[in-house]
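Presented below is the structure to which this report refers.
Residue numbers (full-length UniProt numbering): 1 to 413.
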């Protein structure tokens, strides 16, 4: 008696065409996929294995002629199946014993599963304010969806035929003789069917998708940028990629790209900013209002009597970036002080003496050697060869502010 167990698993006749098998598999796969029907995992594996065998021309021919025993003898992967399916189906019932011999081939089908499409990656530019406050962005996505007019068949039932150029495999194998006893085998996508293994006559093609099985569609995605997200962080939309019959859609992946900010720089959960003050403010104290990323006005003050040196850093606790998924906790805000010196100071000699006394006076002049020659300093243009190390020091200092030791003082403002 002919072995019809695989055909029964897919609910098709022994004479079913490839398109009928694929159509039945897609219908059953939607019904029994573990994501939609977690209790039907074994049934999904069963139909997946049947689909794998019956859509492979060589395996289907062996199965039609010799049944599961023929597949088992021709492929070591099918060994040990009785124990496997005895475990799945309890050794009894309508399926216990029906699938003896599926074994390793079934395990291969389970491991491989449906072919998966490629992921689609989009880059989304966001401001530092967006990452601080959170934002919902709308992204218009163009993708391919299975044609509803033909159900992804490309034409009427039976119009699809196995490609004669590749015998329905989708690939062509070319063997080249390199020398005596030496051959080279190369595999490439079949140009006749574009690797699908099926072709359809032009007169039978679906008038909506023109035989391509898919149609373009525009979809609007809402991208939720959460508070505290970072540059290059990814937001994934599962299964929203291009659709193709018999292929599991890939994902749409949104990659965040932080735009430069004119006032703040981010370092992990901390924020840095520069504040330029005058020499008078550095010596006598100052107060400034700074607009934060959420629109609040922060009053930054430094009391008189404590001198601020150029390049020093002061910290303000809990005014940095919110933590991702814990937005009520925040990092710190660091303020790097830049002092703007006056170009010249015009005052009478008496005023200069008074200022000198306030600042603590000057150190005593050193003893002058008898041969000392007096020279005058004047403004000159600095060249790259003059103080390259100094320039490098300042560059490194700007990029990496001192945020530890005695240079950093955090205070509530």
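By construction, the Cβ of each residue, glycine as well, lies at the ideal position given by its N, Cα and C atoms. These numbers were taken from a predicted model, which means no experiment stands behind them.
| Check | Outcome |
| --- | --- |
| Residue 27: which of 306, 317, 202 and 48 sits nearest, CA to CA? | 48 |
| Please report how far the alpha carbon of residue 450 lies from the alpha carbon of residue 353, in whole angstroms. | Not covered by the structure: residue 450. The range shown for the chain is 1 to 413. |
| Pick out whichever of 156, 60, 29 and 55 has its Cα sitting closest to the Cα of residue 44. | 29 |
| Where do the N-terminal and C-terminal ends of the beta strand (DSSP E) with residue 326 fall, by residue? | 326 to 330 |
| How many Å lie between residue 87 and residue 38 at the Cα? | Caution is warranted here: a pLDDT of 37 is assigned to residue 87, below 50, making its placement in the model unreliable, and no coordinate value can be reported. |
| Please report the distance separating the alpha-carbon of residue 112 from that of residue 248. | No answer about residue 112 holds up, because its pLDDT of 49 lies below 50 and its placement is not dependable. |
| Specify, as a first and last residue, the run of the beta strand (DSSP E) that residue 41 falls within. | Element bounds for residue 41: not the beta strand (DSSP E) but the alpha helix (DSSP H), 41 to 54. |
| Buried or exposed: residue 22, going by 16 or more other Cβ atoms within 10 Å of its Cβ? | buried |
| What's the call for residue 243, buried or exposed, on a 16-neighbour Cβ count within 10 Å? | buried |
| Return helix, strand or coil for residue 8, following the three-state DSSP convention. | helix |
| Contact check, residue 195 vs residue 321 under 8 Å by CB: the rounded distance? | 48 Å between Cβ atoms; not a contact. |
| Per DSSP, residue 248 is paired with what? | 116 |
| Need the endpoints of the beta strand (DSSP E) that residue 315 sits in, please. | 313 to 316 |
| Can at least three beta-carbon pairs, one atom from the region 277 to 286 and one from the region 144 to 162, be found at a separation below 8 Å? | no |
| Using a Cβ distance threshold of 8 Å, determine whether the region 154 to 165 contacts the region 10 to 21, with at least three qualifying pairs required. | yes |
| CA-CA distance, residue 101 and residue 68? | A caution first: residue 101 carries a pLDDT of 41, below 50, which makes its placement in the model too unreliable to give a value. |
| Would you mind sorting residue 319 into buried or exposed? The rule is 16 or more other CB atoms within 10 Å of its CB. | buried |
| Once the 5 residues before and after residue 142 are set aside, which same chain residues still bring their CB inside 7 Å of it? | 216 and 218 |
| State the Cα-Cα distance for the pair residue 258 and residue 234, rounded to the nearest angstrom. | 12 Å |
| Can you give me the C-alpha to C-alpha distance between residue 340 and residue 327, rounded to a whole angstrom? | 37 Å |
| In the DSSP assignment, what residue or residues form a beta bridge with residue 253? | 121 and 236 |
| List the endpoints of the continuous alpha helix (DSSP H) containing residue 30. | 18 to 32 |
| On the CB-based measure, 16 or more other CB atoms within 10 Å of its CB, does residue 211 come out buried or exposed? | buried |
| Ordered along the chain, which non-local residues of its own chain (more than five positions away) have a Cβ less than 7 Å from that of residue 9? | 46, 47 and 50 |
| Nearest by alpha-carbon distance to residue 13: which of 237, 64, 371 and 132 is it? | 64 |
| For residue 272, count neighbouring Cβ atoms within 10 angstroms of its own Cβ and tell me buried if that reaches 16, exposed if not. | buried |
| Please list the terminal residues of the continuous beta strand (DSSP E) segment that includes residue 15. | No beta strand (DSSP E) contains residue 15, which DSSP labels as neither H nor E. |
| In whole angstroms, what is the alpha-carbon distance linking residue 25 and residue 40? | 15 Å |
| Can you list the beta strand (DSSP E) stretches of 3 or more residues lying completely in the UniProt zinc finger region "CR-type" (134 to 218), in chain order? | 135 to 146, 171 to 179 and 182 to 189 |
| Please report how far the alpha carbon of residue 390 lies from the alpha carbon of residue 338, in whole angstroms. | Note that residue 390 scores 45 on pLDDT, short of 50, meaning its location in the model is unreliable and no value can be drawn from it. |
| Out of 376, 293 and 162, point me to the one whose CA is closest to residue 131's CA. | 293 |
| Go ahead and pull the three-state DSSP assignment for residue 64. | helix |
| Since residue 136 and residue 222 are thought to touch, with beta carbons under 8 Å apart, how far apart are those beta carbons, to the nearest angstrom? | 6 Å |
| Residues in the same chain with beta-carbon distance under 8 Å from residue 238, minus the five sequence neighbours each way, listed in chain order, please. | 251 |
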